[in-house]
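Chemist:
Number of protein chains: 2
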Amino acid sequence: MAGRPTLAAVAAAAGVSPSTASLAFSGSSRVAPHTRDRVLAAAQRLGYPGPDPVAASLRRGRTGVIGAFIGERLLYAFRDPHAITLLDGISEVLGAHGAGLLLLAGDAGRPSAEQIARLPLDAAVFATCGLEDDPAIPLLRRRGVPLVGVEGPVGTDVLIDIDDFGGSRELARHVHDLGHRRVEVIAMPLRLDGTTGPVSGARRARTHYRDVRRRLAGVEDVFGSVPIHETASNSVADGLAAGRAVLGVPAERRPTAVIAQSDVLAAGVLQAAAELGLRVPEDVSITGFDGADLHWLGDTRLTTVEQPTAEKGRAAARAAMALVAGDRPQDVLLPISLRIGTTTGPAPRGANGHR
Amino acid sequence: MAGRPTLAAVAAAAGVSPSTASLAFSGSSRVAPHTRDRVLAAAQRLGYPGPDPVAASLRRGRTGVIGAFIGERLLYAFRDPHAITLLDGISEVLGAHGAGLLLLAGDAGRPSAEQIARLPLDAAVFATCGLEDDPAIPLLRRRGVPLVGVEGPVGTDVLIDIDDFGGSRELARHVHDLGHRRVEVIAMPLRLDGTTGPVSGARRARTHYRDVRRRLAGVEDVFGSVPIHETASNSVADGLAAGRAVLGVPAERRPTAVIAQSDVLAAGVLQAAAELGLRVPEDVSITGFDGADLHWLGDTRLTTVEQPTAEKGRAAARAAMALVAGDRPQDVLLPISLRIGTTTGPAPRGANGHR
DNA sequence: AGCGAGTGTCGAATCGATTCGATGGGGAGG
DNA sequence: CCTCCCCATCGAATCGATTCGACACTCGCT
Numbered sequence: 001m002a003g004r005p006t007l008a009a010v011a012a013a014a015g016v017s018p019s020t021a022s023l024a025f026s027g028s029s030r031v032a033p034h035t036r037d038r039v040l041a042a043a044q045r046l047g048y049p050g051p052d053p054v055a056a057s058l059r060r061g062r063t064g065v066i067g068a069f070i071g072e073r074l075l076y077a078f079r080d081p082h083a084i085t086l087l088d089g090i091s092e093v094l095g096a097h098g099a100g101l102l103l104l105a106g107d108a109g110r111p112s113a114e115q116i117a118r119l120p121l122d123a124a125v126f127a128t129c130g131l132e133d134d135p136a137i138p139l140l141r142r143r144g145v146p147l148v149g150v151e152g153p154v155g156t157d158v159l160i161d162i163d164d165f166g167g168s169r170e171l172a173r174h175v176h177d178l179g180h181r182r183v184e185v186i187a188m189p190l191r192l193d194g195t196t197g198p199v200s201g202a203r204r205a206r207t208h209y210r211d212v213r214r215r216l217a218g219v220e221d222v223f224g225s226v227p228i229h230e231t232a233s234n235s236v237a238d239g240l241a242a243g244r245a246v247l248g249v250p251a252e253r254r255p256t257a258v259i260a261q262s263d264v265l266a267a268g269v270l271q272a273a274a275e276l277g278l279r280v281p282e283d284v285s286i287t288g289f290d291g292a293d294l295h296w297l298g299d300t301r302l303t304t305v306e307q308p309t310a311e312k313g314r315a316a317a318r319a320a321m322a323l324v325a326g327d328r329p330q331d332v333l334l335p336i337s338l339r340i341g342t343t344t345g346p347a348p349r350g351a352n353g354h355r
Numbered sequence: 001m002a003g004r005p006t007l008a009a010v011a012a013a014a015g016v017s018p019s020t021a022s023l024a025f026s027g028s029s030r031v032a033p034h035t036r037d038r039v040l041a042a043a044q045r046l047g048y049p050g051p052d053p054v055a056a057s058l059r060r061g062r063t064g065v066i067g068a069f070i071g072e073r074l075l076y077a078f079r080d081p082h083a084i085t086l087l088d089g090i091s092e093v094l095g096a097h098g099a100g101l102l103l104l105a106g107d108a109g110r111p112s113a114e115q116i117a118r119l120p121l122d123a124a125v126f127a128t129c130g131l132e133d134d135p136a137i138p139l140l141r142r143r144g145v146p147l148v149g150v151e152g153p154v155g156t157d158v159l160i161d162i163d164d165f166g167g168s169r170e171l172a173r174h175v176h177d178l179g180h181r182r183v184e185v186i187a188m189p190l191r192l193d194g195t196t197g198p199v200s201g202a203r204r205a206r207t208h209y210r211d212v213r214r215r216l217a218g219v220e221d222v223f224g225s226v227p228i229h230e231t232a233s234n235s236v237a238d239g240l241a242a243g244r245a246v247l248g249v250p251a252e253r254r255p256t257a258v259i260a261q262s263d264v265l266a267a268g269v270l271q272a273a274a275e276l277g278l279r280v281p282e283d284v285s286i287t288g289f290d291g292a293d294l295h296w297l298g299d300t301r302l303t304t305v306e307q308p309t310a311e312k313g314r315a316a317a318r319a320a321m322a323l324v325a326g327d328r329p330q331d332v333l334l335p336i337s338l339r340i341g342t343t344t345g346p347a348p349r350g351a352n353g354h355r
C-alpha cells in the first residue's frame, strides 16, 4: 500500500470487482449509476487519479500519441510560419480527438533511431521534412506504426499533397508573361548537407526533396533551364544571404526576377533588394511560395502560390487518426492558387538581352 | 503467430529464455556476446522491431516522454520567437537524453482535462504559460507527475526563473534617465479573457500571470503608477493594434516612451510608429523584453531586457530529467541584462509637461 | 407459475516486457 | 583432485489496466 493506489485498490474499497471499476471509469453505460458513484467516491477517497495511461495503452494497444517529424531542429523549423501553421492544423485535430502531439526533432538533423524505437506512438506524420527516403520511415514501418506523409516522403500509408509542379508553373508563367527572361531560382536545400550556392546539373539531378524538385520542374517547364541558387536552410537569414549573392552583381548580369521557393526565403530576398537599393518590382520582381502570413512585411504583398496550409495539417491529422482506427484513408490533394501581390511587375526595359 | 513477433517469440527462436533476450536488447554486459548475437540474429530473422515501448514503459514506470504546456494554441504561441527558442532549448536536452517532447496545447486556451489524464508523461514543463493557478497543475500533481515551472506557475516541484522585476526596473530606469516622464506600458494579457485596452486599478490588482505582474511592478517602482494598455495576446499584430491606440493621439497626450512587455509586442509598436510617421527614438522611444531574435527588424536594434532563453529551456529540461530520475533539483535563477539598442533616446524637449 | 429477455457484475485471461533472486556449469586455486 | 567462486542464464513474479464471455438476478408477459 506504499505507492499510488491502483484500480484494484479502488475496486476493493468500493466493494466491486476490478472489472466493474474499470467499466465505471470508462463511462460505460453497462454499469449502474449507483455503482459508478460508489466507485468514483472510493477513488476520490483514496486519491486515485484515474487509470494509469501506460497500463491502459498496453492493454488497448493504443497510446493516443501521434508523432510529428520535423526535419530540422525545432528552432529552425519554427522560424517558418508555414511550418507552424501546418503543425497548428495537426494539433487542432488531434486535440479534438484527445490525442497528443509528440514532436520529433533532432539535434543534428533528425531524431535518433534510439529515440524512435523507444517512444510510444500510434502513428506518425512526416510534416516538414520532404526527405524522400528518410531513414526513420523503414524503422517505423517495421514497428507497424502507420505513416502519413505531407508533400514529400514516399513509403507512407497516406499522402497529403499539393500540386507543387502546377502551382510553380503557373507562377513562372505569370513571371514570364510580365516579360522576364532572366530569372533565377532561390531554392530550399536540395539535400541535407549544408551546401549553398549555384547548383550544378549533377546536383540538380540528385535533389532529395520531392517538393523542391517539383517546384523546380514547374519553373523549368516555363523557362527551360534556369540558374539555381541553393540555400542552407529555409529561413529569412539564408534568403537574405542568397539574395545578396544573386542580386549583388552588375546590373547586366542581374536577374530581373527572382523566384524563391518559399515565402520565408522571399522575405530574405526582399531584404537583400532593399539593402542593395533595388526597387521591387521596378528593378526586380520577387516571388515566394506557400502564402504564409509574413506579418512583418507591412504593405508589401508577396506574389506567391497560396496553399491551404492549416487544412493540410488537419487533413494529415485526420488521416493519422483514421489509420489508427484501422481505416484506410484516401490520399488527399489540396488545391493551390496563384496570388499576385505587389512584388512582381513588368521586366525592366532593355534588361532582357543576352545572358 | 498472427501479429507482430514478441520478445518471447524471439527468445524461443534463439533458444534462450525471455529474460536473456531482454538482457540482450537492453545491452546489458551480463549477457555473453555470443548469446547476444544469436538473439539479435533471431530478431532480425523474425522481423522483430525491438521491445515494445509501451510494455517497457509499464514495467519500468517511465515512458521517456516529457510534456510541455503552452498556454495558447500552437499557432499563436509560436508566433513568438521567444517561445520557440525556449522550446528548442527543451528539445535539445530531451533529445540528448533520448526523451520525447509532447506538446500540450489547447483548442480553446489549454489542454483538456481528459487529454491530460490520458497521455503518458514522466514529467511536465509549464513553458510559455505563466498562469499562476493553471488547473492542470493539481491534476498532474495527483497523478504524481513531477512538474517544472518556467517563470510563472506556483505549485511546481522546480522553478526556472529570471528576475523579471529587476530587469524591468533597470529598463525603466534607463528610460527615466533619458528624461522620459510620460510613459505607457503595453502589457501582455493580464488574464485569460481576451480583454484589451486601458487597464483599471482593479484589473491591475487581479493580474493572473506572474511574469506580467513582476514586469509591471518593475516599471512602477521607477515611474509610480503608469497607464497600462492590455493586449489580447502576445503577438506582433496585437502590439500593432495597441501601438496605434496608444500613439495615435494628439502629441500632447502621447507618451514619449512606450514600454512593451515583450519584443514581439514592441515590434508591433514599432510598426504603429512607422505608420503614424513617428520617428524612433526621436519622437518616441520604444522598449521590449526578452532579447528575442527579430530578424525582420533589419538595422533597428530594440532596446530590451535580454534573457538567456535557450538556456532557460535547457535548464527546465534538465530539471525535468532530474526529477524523473528521482533527484530533487534546485530552483534556477538565470541572469538577465539590459541591452540598449537604437530604439530609445532622450525624451523630446518640452514634451514632459502635465499629462 | 414458468419462461425468456435483458441488465448489471464478476473471473480470468491478456497486453509485452523487465528484473530479482536462484541455479547451474566451468575455471582457478589449493 | 576437490572446492570455491563467479559468471551467464533462467523462472517467475510484476507493472496496472481492459475486455470477453459467463453468470445471476430481476422484470415482464402469458
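One line per chain: the protein sequences are A and B, in this order.
Those letters in the first sequence? Residues 1 to 355, by UniProt numbering.
Those letters in the second sequence? Residues 1 to 355, by UniProt numbering.
Note that CB positions come from ideal geometry on N, CA and C, so glycine has one too.
(1) Is it a yes or a no for the region 181-201 of chain A touching the region 226-240 of chain A, going by three-plus beta-carbon pairs under 8 Å?
(2) In chain order, which continuous runs of the beta strand (DSSP E) of length 3 or greater are located wholly inside the region 121-151 of chain A?
(3) Could you list which residues in chain B have their beta carbon closer than 9 Å to that of A:H82, in chain order?
(4) Looking at B:Q271: is its Cβ nearer than 9 Å to the Cβ of B:G288?
(5) Count the other CB atoms within 10 Å of the CB of B:A32; is the residue buried (16 or more) or exposed (fewer)?
(6) Helix, strand or coil for B:I286, going by three-state DSSP, please let me know.
(7) To the nearest angstrom, how far is the alpha carbon of A:G67 from that of A:L104?
(8) Which partner residues does A:A68 have in the DSSP bridge list?
(9) Using the beta-carbon of each residue, which ones in chain B are nearer than 8 Å to A:G98?
(10) Name the two residues that bound the continuous alpha helix (DSSP H) containing B:T85.
(11) Using CA atoms only, rank isn't needed, just tell me which of B:G345, B:L75, B:D283, B:G326 is closest to B:R62.
(12) Find the residues of chain A that neighbour B:R301, judging by a C-beta separation of less than 8 Å, and give them in chain order.
(13) From A:G15, A:V246, A:L102, A:A319, pick the residue whose C-alpha is nearest to that of A:P198; which is it?
(14) Label B:S285 either buried or exposed according to how many other C-beta atoms from any shown protein chain fall within 10 Å of its C-beta, with 16 as the threshold for buried.
(15) Can at least three beta-carbon pairs, one atom from the region 64-84 of chain A and one from the region 7-17 of chain A, be found at a separation below 8 Å?
(16) In chain order, what residues of the same chain lie with their CB nearer than 6 Å to the CB of B:A9, ignoring the 5 residues before and after it?
(17) What did DSSP end up calling A:I259 once you bin it into helix, strand or coil?
(18) Ignoring anything shorter than 4 residues or poking outside the region 24-67 of chain A, list the alpha helix (DSSP H) runs there in chain order.
(19) Taking Cβ positions only, does A:G109 come closer than 9 Å to chain B?
(20) Can you tell me whether DSSP reads B:A21 as helix, strand or coil?
(21) Using a C-beta cutoff of 9 Å, does B:G63 count as contacting chain A?
(22) Could you check what DSSP says for A:V249 in three-state terms: helix, strand or coil?
(23) In this structure, how does DSSP classify B:D163 when only helix, strand and coil are distinguished?
(24) Contact criterion: CB-CB distance below 9 Å. Does B:V236 meet it with respect to chain A?
(25) Looking at B:A320 and B:V54, is the spacing between their C-beta atoms short of 9 Å?
(26) Count the other C-beta atoms from every protein chain shown that fall within 10 angstroms of the C-beta of A:A123, then say buried if there are 16 or more, exposed otherwise.
(27) Grouping DSSP H, G and I as helix and E and B as strand, with all else coil, what is B:V158?
(28) Any beta carbon from chain A within less than 9 Å of B:R181's own beta carbon?
(29) For a cutoff of 9 Å on Cβ pairs, would you count B:A24 as touching chain A?
(30) Between the Cα of B:A310 and the Cα atoms of B:G218, B:W296, B:L297, B:D290, which residue gives the shortest distance?
(31) Taking B:V158 as the reference, which of B:G50, B:V324, B:I336 has the closest Cα?
(32) Please report the distance separating the alpha-carbon of B:Y76 from that of B:V264.
(33) Apply the 10 Å Cβ neighbour rule to B:L190 and answer buried if 16 or more other Cβ atoms are within range, or exposed otherwise.
(34) Out of curiosity, what's the CA-to-CA distance linking B:A127 and B:V145?
(35) When the Cα of B:T156 is compared with those of B:R173, B:D163, B:D52, B:P138, which residue comes out closest?
(36) What does A:P329 pair with, by DSSP beta-bridge criteria?
Modeler: Let me lay it out:
(1) yes
(2) 123-126, 147-150
(3) Locating residue 82 of chain A in the first sequence gives position 82, where the first residue counts as 1. Near A:H82 there are no residues of chain B at all, since even the closest Cβ is about 12 Å away, more than 9 Å.
(4) Taking the second sequence and counting its residues from 1, one reaches residue 271 of chain B at position 271. Taking the second sequence and counting its residues from 1, one reaches residue 288 of chain B at position 288. Contact flag unset, no.
(5) The residue given as residue 32 of chain B occupies position 32 in the second sequence. Burial call: exposed.
(6) Counting from 1 along the second sequence, the entry for residue 286 of chain B is found at position 286. If DSSP states are grouped into helix, strand and coil, B:I286 belongs with the strands.
(7) For the purposes of this step, residue 67 of chain A is taken as the residue at position 67 of the first sequence. For the purposes of this step, residue 104 of chain A is taken as the residue at position 104 of the first sequence. Rounded to whole angstroms, A:G67 to A:L104 spans 7 Å at the Cα level.
(8) The residue you call residue 68 of chain A lines up with position 68 of the first sequence. Answer is A:L103, A:V125.
(9) Within the first sequence, residue 98 of chain A is the residue found at index 98, counting from 1. Here the neighbours are S112, E114, Q115, R118.
(10) If you number the second sequence from 1, residue 85 of chain B lands on position 85. Note, B:T85: alpha helix (DSSP H), 81-96.
(11) Position 62 of the second sequence holds residue 62 of chain B. B:R62 has its Cα closest to that of B:G326, out of B:G345, B:L75, B:D283, B:G326.
(12) What you label residue 301 of chain B is simply residue 301 of the second sequence in a count that begins at 1. The premise fails here: B:R301 is roughly 15 Å from chain A at the closest Cβ pair, so nothing lies under 8 Å.
(13) Mapped onto the first sequence, residue 198 of chain A falls at position 198. Of the listed residues, the one whose Cα sits closest to A:P198 is A:V246.
(14) For the purposes of this step, residue 285 of chain B is taken as residue 285 along the second sequence, with counting starting at 1. Buried: at least 16 other Cβ atoms inside 10 Å.
(15) no
(16) Numbered from 1 along the second sequence, position 9 holds the residue referred to as residue 9 of chain B. Nothing listed; no residue qualifies.
(17) For the purposes of this step, residue 259 of chain A is taken as the residue at position 259 of the first sequence. Residue state, collapsed to three classes: strand.
(18) 33-46, 53-60
(19) Against the first sequence, residue 109 of chain A aligns to sequence position 109. Only weak support exists for where A:G109 lies, its pLDDT of 47 falling under 50; the coordinates are left without a value.
(20) Residue 21 of chain B sits at position 21 when you count from the first residue of the second sequence. Correct three-state label for B:A21: helix.
(21) Against the second sequence, residue 63 of chain B aligns to sequence position 63. Rather than Gly, the amino acid found at residue 63 of chain B in this sequence is Thr. Interface residue, yes.
(22) Position 249 of the first sequence, counted from the start, is the residue given in the question as residue 249 of chain A. Three-state DSSP puts A:V249 in coil, outside helix and strand.
(23) Position 163 of the second sequence, counted from the first residue, corresponds to residue 163 of chain B. DSSP places B:D163 in coil when its eight states are reduced to three.
(24) On the second sequence, residue 236 of chain B is found 236 positions in, with the first residue counted as 1. Chain A, which has a Cβ nearer than 9 Å to the Cβ of B:V236, makes this yes.
(25) On the second sequence, residue 54 of chain B is found 54 positions in, with the first residue counted as 1. On the second sequence, residue 320 of chain B is found 320 positions in, with the first residue counted as 1. No, the Cβ-Cβ distance between B:V54 and B:A320 is not below 9 Å.
(26) Within the first sequence, residue 123 of chain A is the residue found at index 123, counting from 1. Answer is buried; the Cβ neighbour count reaches 16.
(27) Taking the second sequence and counting its residues from 1, one reaches residue 158 of chain B at position 158. Strand at B:V158.
(28) In the second sequence, residue 181 of chain B corresponds to position 181, counting from 1. No, B:R181 does not count as interfacial toward chain A.
(29) Indexing the second sequence from 1 puts residue 24 of chain B at position 24. Cβ-Cβ to chain A under 9 Å: no for B:A24.
(30) Here the question's residue 310 of chain B lines up with position 310 in the second sequence. Per the Cα distances, B:D290.
(31) Within the second sequence, residue 158 of chain B is the residue found at index 158, counting from 1. When only C-alpha atoms are compared, the closest one is B:V324.
(32) Looking up residue 76 of chain B in the second sequence gives position 76. Looking up residue 264 of chain B in the second sequence gives position 264. Cα-Cα distance, rounded: 12 Å.
(33) Counted from its first residue, the second sequence places residue 190 of chain B at position 190. Looking at its Cβ environment, which holds 16 or more other Cβ atoms inside 10 Å, B:L190 is buried.
(34) On the second sequence, position 127 is the one that residue 127 of chain B refers to. On the second sequence, position 145 is the one that residue 145 of chain B refers to. The straight-line gap from Cα to Cα measures roughly 15 Å.
(35) Along the second sequence, read from residue 1 onward, the residue named residue 156 of chain B stands at position 156. Out of B:R173, B:D163, B:D52, B:P138, B:P138 has the C-alpha closest to the C-alpha of B:T156.
(36) On the first sequence, residue 329 of chain A is found 329 positions in, with the first residue counted as 1. For A:P329, which the question treats as bridged, DSSP gives no partner whatsoever.
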